[in-house]
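Have a look at the structure below before the remarks.
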Amino acid sequence: MQSPFILYGKSGKKYEFHSIYPISTLPNLKFQKDFGIIYVYLHIDSNDNIRLIYCGKDENPPKRFREHEENDKNIIGKSNFVAICHYLYLKEMENDEIDLIKGNPFEENIQHNS
């Protein structure tokens, strides 16, 4: 898969995810402090078809990814990659997450899919 991975929000805003990792590498990733992230769990098949599984945000990525691993078997079971976009401004991150969820057919997000 090529970087950046690009999605558009409901507003039409373009979001570029410059970091894309196999899901198996998440426990070993190091994250910079003082940054939040928006992350997208993906399933990419052998023909490069992409399914959008889940979109989330967090200020403590290692903790959040561990929580998904322990508690969200549907998300983890359907995904083989995660795409990450870093944020310095947390309010912007919060608004962008909602825009992305409302504008895309994530299989496991339910809070904004209406």
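When we follow our numbering, the leftmost residue of the sequence shown carries the number 8, and every step to the right adds one. Positions of the beta carbon are idealized from the N, C-alpha and C atoms, including for glycine. This one's a predicted model, so the numbers in the text were calculated from it and none came from an experiment.
*Given Asp65, which residues of its chain have a CB within under 8 Å of its CB, disregarding the five upstream and five downstream residues?*
Gly43, Ile44, Tyr46, Arg71.
#### Entry: Environment of Ser86 [buried if 16+ CB atoms lie within 10 Å]
Label assigned to Ser86: buried.
Notebook entry, point to check: Should Glu23 be flagged as near chain B, meaning a C-beta pair shorter than 8 Å?
Noted result: This model lacks chain B altogether; it includes just one protein chain.
Top-ranked residue by Cα proximity to Ser53, from Asn81, Phe88, Glu99, Phe113: Closest in C-alpha terms to Ser53, from the list Asn81, Phe88, Glu99, Phe113, comes Phe88.
| message | Rounded to the nearest angstrom, what separates Glu77 and Tyr48 at their Cα positions? | response | If I take the Cα positions, the gap works out to 15 Å.
What number of angstroms, rounded off, separates the C-alpha of Leu59 from the C-alpha of Phe12?
Roughly 12 Å separates the two Cα atoms.
| Quick one: what does DSSP say Asp65 is sitting in, helix, strand or coil? | Strand.
Just checking Leu59 against the ligand SAM - is the residue's beta carbon closer than 7 Å to any of the ligand's heavy atoms? As presented, the structure is devoid of all ligands, the ligand SAM included, so that no description of it is given.
- Query: Are the Cβ atoms of Phe38 and Pro69 separated by less than 8 Å?
  - Reply: Here Phe38 is near Pro69, since their CB atoms are less than 8 Å apart.
Would you mind working out which of Tyr22, Gly19, Phe113 sits nearest Asn81, comparing C-alpha positions? By alpha-carbon distance to Asn81, the top candidate from Tyr22, Gly19, Phe113 is Phe113.
**Asked** Is it true that the CB of Gly110 sits closer than 8 Å to the CB of Gln17?
**Response** Looking at the sequence provided, one finds Lys at residue 17 rather than Gln. In this structure, Gly110 lies closer than 8 Å to Lys17 by Cβ.
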